[in-house]
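K.L.:
The structure's right below; bear with me while I get my questions together.
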Amino acid sequence: MRIKLLLSLFFLLSCKIASAQWANQVSTPWVYNFTSGTSATINTTSAAIDNSSTSGSPFLPAPPSGVSRVYAPITTGSVYTLDKAANTLVMVPSSTSGISKFSVYDVTGSSPIVTASITLNMGRVGATAPANNLAYNWILGNRGANGKASNLFNNASSGFNAAGADSSLFTSIRLIYSNTNDNYTAGYRSSGGSSNTHTTLNGGTLSPDVDYKLEAFINNSTVSKTYTKNATIYTVPAGTFHLWITNLTDVSPDPPLPAVRYSVGANFDLPKSVETAPGPPTANETMPADVSINSFLVQAASNTSNAGKITITGGMSLAYDLSTLPVTLTSFKGDEQNNVVNLNWRTASELNNDYFELLRAGDDRNFASIGKVYGNGTKNQNSDYYFKDKAPLAGNNYYKLKQVDFDGKTTIHDDIVFVKTLANAATLAVSSTKNADVNVNILANNNSKATLGFYNTNGQKVFETNVVLSKGFNQFNYNVGTLNSGVYVAKVFGDGLQLVTKFLKD
């Protein structure tokens, strides 16, 4: 029954991973299970435990990348039990202040933007409740951020103290037990130095003997990033994270209990921990921006009489956003009004963004540029953009965005906006590009020949050419580098056509 239930929960976990992801997340997350290991138990009766997946006789199975490890001091009553069939690791923490640890570190292919998830169950070994204030910490960071071979993810030091942070700790989620209420309160590490501070989180307490899935959406980059969860888009500012906790055991409600996003008051953007070396002299040990999150750790200590235990279920994951896109696009929409297509889009952040080009195609899906809108360079806030396609195709119109950096690099976003229009009257639209070209789009009702001319504001003709038009959409490109920047009038005449529009030459 236990195995069947765990398999059902693992399926639910897998579904929820698929429903929550970054805007540009890798297709295959890093996932670690215990099923490839060997069921066994180790304890600290006669020796300290310090065993990793790279040891001569490993207790833990090797992860897809990186190293897994368990640690506990000697004669502290700490016990680890791996159950291959149930896909679990049960940790009975040390009875003393010596730290018991389960960690995975040096995961490859990591980035500063990640969704880290783990399923935990805080229980008791026997009938005796754990001691008041027994705390379990889930710590996330980078094993090599300090440039040293050893830090809190792979040494014997406590992640509770700033002395062990050493620029490698992004955050620590603490679950602290109340013996009076028989429940756990969630908090996050907000600062560390000669002592450390955990800020209590709003979102509800956690019950013993319940499987909880914890998800941390971490953004250690320098710009805001977005993720989608259950069809809703959320923005995570630079240097912060969002924490979601889901009750996986109580599935009796219909629908099941939803995931809860934890906060401090009304603030869901939880900052990374501000760390200071105790000194003397004191020094900044806060994890630098753009350092990847490649390690995590579950630790506990001071488990009086070894009464408490924590069960870690396999399926823990790290889902990275490896995008180098300079623009985070959160929406792209369009609609038609009076035969004009109104397009709008929003960005959550921009880096080195020069401009956008609007690309349009008909049913042939051959996209071509119809105009551009200048960007905001580098900006770490929402930006809204608008564009009017005054000469849409008759019938089906498909739109894409092409983004161009100041250094000329281009990115075409995958989002496509579809707008259907009625049969069009003949239309003319003209736009200029940065390299002195002018794009001319003519929607013709019939095959015909016409004359295209450009006129300055004094009415003087400055450019003229003959064009052959096919029924439907026609696009032409002309280099008019000899023309000064300014406003011009474009005119098309011939075979019943009389089309006039103004345009701005850059």
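Heads up: the sequence shown runs through residues -20 to -1, 1 to 486, numbered per mature numbering (1 follows the signal peptide of the UniProt record, and there is no 0). All residues carry an ideal CB built from backbone N, CA and C; glycine is no exception.
#1: Do lysine 400 and leucine 339 come within 8 Å of each other at the CB atom, strictly closer than that value?
#2: Just mark tyrosine 164 as buried or exposed, buried being the case when its beta carbon has 16 or more other beta carbons within 10 Å.
#3: On the three-state DSSP scale, how would you describe leucine 484?
#4: Please classify serine 152: does DSSP put it in a helix, a strand, or coil?
#5: Could you spell out the range, first to last residue, of the beta strand (DSSP E) harbouring glutamate 337?
#6: Determine the burial state of alanine -1: buried for a count of at least 16 other Cβ atoms within 10 Å of its Cβ, exposed for fewer.
#7: Looking only at its chain, what residues have a beta carbon closer than 7 Å to the beta carbon of phenylalanine 367, apart from the 5 residues adjacent to it on each side?
#8: In whole angstroms, what is the alpha-carbon distance linking threonine 151 and threonine 76?
#9: Within a Cβ cutoff of 6 Å, which residues of the same chain sit near alanine 280, ignoring the five residues on either side of it in sequence?
#10: I'd like the list of long-range same chain contacts for threonine 206, defined as Cβ closer than 6 Å, with 5 residues on each side in sequence excluded.
#11: Does serine 19 come out as helix, strand or coil in the three-state DSSP assignment?
#12: Give me, in chain order, the residues of the same chain whose beta-carbon lies closer than 7 Å to that of glycine 474; leave out the 5 immediate sequence neighbours on both sides.
#13: Kindly indicate if chain B contains any beta-carbon less than 8 Å away from that of threonine 95.
#14: Quick one: give me the first and last residue of the beta strand (DSSP E) that glutamine 1 is part of.
#15: Ignoring anything shorter than 3 residues or poking outside the region 390 to 473, list the beta strand (DSSP E) runs there in chain order.
#16: Which value, in whole angstroms, describes the spacing of the CA atoms of lysine 380 and asparagine 356?
#17: Can you tell which of Thr266, Ser97, Val420, Asn415 has the C-alpha that lies nearest to the C-alpha of aspartate 369?
#18: Taking residue 559 as part of the beta strand (DSSP E), name the residues at either end of that continuous run.
#19: Return yes when the Cβ of aspartate 334 is within less than 8 Å of the Cβ of phenylalanine 386, no when it is not.
#20: Under the three-state reduction of DSSP, which class applies to serine 285: helix, strand or coil?
#21: Pull the bridge partners of serine 363 from the DSSP assignment, please.
#22: Whole angstroms is fine: what's the gap from asparagine 464's alpha carbon to lysine 471's?
#23: Closest to asparagine 95 by C-alpha separation, out of Val442, Gly172, Asn318, Ser297, would be which residue?
#24: Helix, strand or coil for valine 353? Go by DSSP, reduced to three states.
#25: Measuring alpha carbon to alpha carbon, tell me which of Thr437, Gly433, Asn176, Ile98 ends up nearest valine 447.
#26: Check whether the Cβ atoms of valine 278 and threonine 229 sit closer than 8 Å, and answer yes or no.
#27: What are the start and end residues of each continuous beta strand (DSSP E) run of 3 or more residues lying completely inside the region 5 to 50, in chain order?
#28: So leucine 373 and leucine 423 are supposed to be a Cβ contact under 8 Å. How far apart are they, rounded?
#29: Taking a contact to mean a Cβ-Cβ separation below 8 Å, would you say isoleucine 225 touches valine 203 in this structure?
#30: Between serine 45 and isoleucine 198, what straight-line distance do the alpha-carbon atoms span, to the nearest angstrom?
#31: Roughly how many whole angstroms lie between the Cα atoms of proline 53 and leucine 132?
#32: Count the other CB atoms within 10 Å of the CB of glycine 466; is the residue buried (16 or more) or exposed (fewer)?
#33: Should glycine 245 and asparagine 182 be called a contact, given that it needs their Cβ atoms to be closer than 8 Å?
#34: Measure the CB-CB distance between methionine 71 and leucine 155 and report whether it falls below 8 Å.
#35: How would you call residue 543, buried or exposed, if buried means at least 16 neighbouring beta carbons within 10 angstroms?
P.N.:
If we stick to the structure as given:
#1: It is not a contact, given that the beta carbons lie outside the stated cut-off.
#2: Answer is buried; the Cβ neighbour count reaches 16.
#3: Leucine 484: strand per DSSP, three-state reduction.
#4: In the structure shown, serine 152 sits in a strand (DSSP, three-state: E or B).
#5: Run containing glutamate 337: 320 to 341, per the beta strand (DSSP E) assignment.
#6: That one is buried.
#7: Cβ neighbours of phenylalanine 367 beyond the five flanking positions: Leu323, Leu338, Gly351, Val353.
#8: The alpha-carbon atoms of threonine 151 and threonine 76 are separated by roughly 24 Å.
#9: Excluding positions up to five away in sequence, the list reads Pro73, Ser80, Tyr116.
#10: Cβ within range, chain order: Ala3, Ile213, Thr215, Thr308, Thr310, Ala328.
#11: Serine 19: coil per DSSP, three-state reduction.
#12: These residues qualify, in order along the chain: Ser428, Lys429, Ala430, Thr431.
#13: Annotation note: the requested chain B is absent from the structure, which comprises a single protein chain.
#14: Counted as a single uninterrupted DSSP element, the beta strand (DSSP E) harbouring glutamine 1 occupies residues -1 to 2.
#15: Complete beta strand (DSSP E) runs here, min 3: 390 to 392, 397 to 401, 407 to 412, 417 to 424, 428 to 435, 441 to 449, 452 to 459.
#16: Cα-Cα distance, rounded: 19 Å.
#17: Check the Cα spacing between aspartate 369 and each of Thr266, Ser97, Val420, Asn415: the tightest is with Val420.
#18: For the chain, the structure presents residues -20 to 486; residue 559 sits outside this window and is missing.
#19: Yes, these two residues count as a Cβ contact at 8 Å.
#20: In the structure shown, serine 285 sits in a helix (DSSP, three-state: H, G or I).
#21: Answer is Thr327, bridged to serine 363.
#22: Rounded to the nearest angstrom, the two C-alpha atoms are 18 Å apart.
#23: Looking at the sequence shown, residue 95 is not asparagine but threonine. Looking at the Cα atoms, Ser297 is the closest of the given residues.
#24: It is a strand residue.
#25: Here the closest residue by C-alpha is Gly433.
#26: Going by C-beta atoms, valine 278 is not nearer than 8 Å to threonine 229.
#27: For the region 5 to 50, whole beta strand (DSSP E) runs of length 3 or above, ordered along the chain, are 10 to 12, 20 to 23, 29 to 32.
#28: Between leucine 423 and leucine 373 the Cβ distance is about 7 Å, and since that is below 8 Å, they are a contact.
#29: With contacts defined by Cβ atoms closer than 8 Å, isoleucine 225 and valine 203 do not form a contacting pair.
#30: Rounded to whole angstroms, serine 45 to isoleucine 198 spans 20 Å at the Cα level.
#31: Their Cα atoms are separated by approximately 15 Å.
#32: It is exposed - the Cβ of glycine 466 has fewer than 16 other Cβ atoms within 10 Å.
#33: Yes; because the gap between Cβ atoms is below 8 Å, this pair is in contact.
#34: If you check the CB distance, methionine 71 and leucine 155 do not come in under 8 Å.
#35: The first residue shown for the chain is -20 and the last is 486, placing residue 543 beyond what the model contains.
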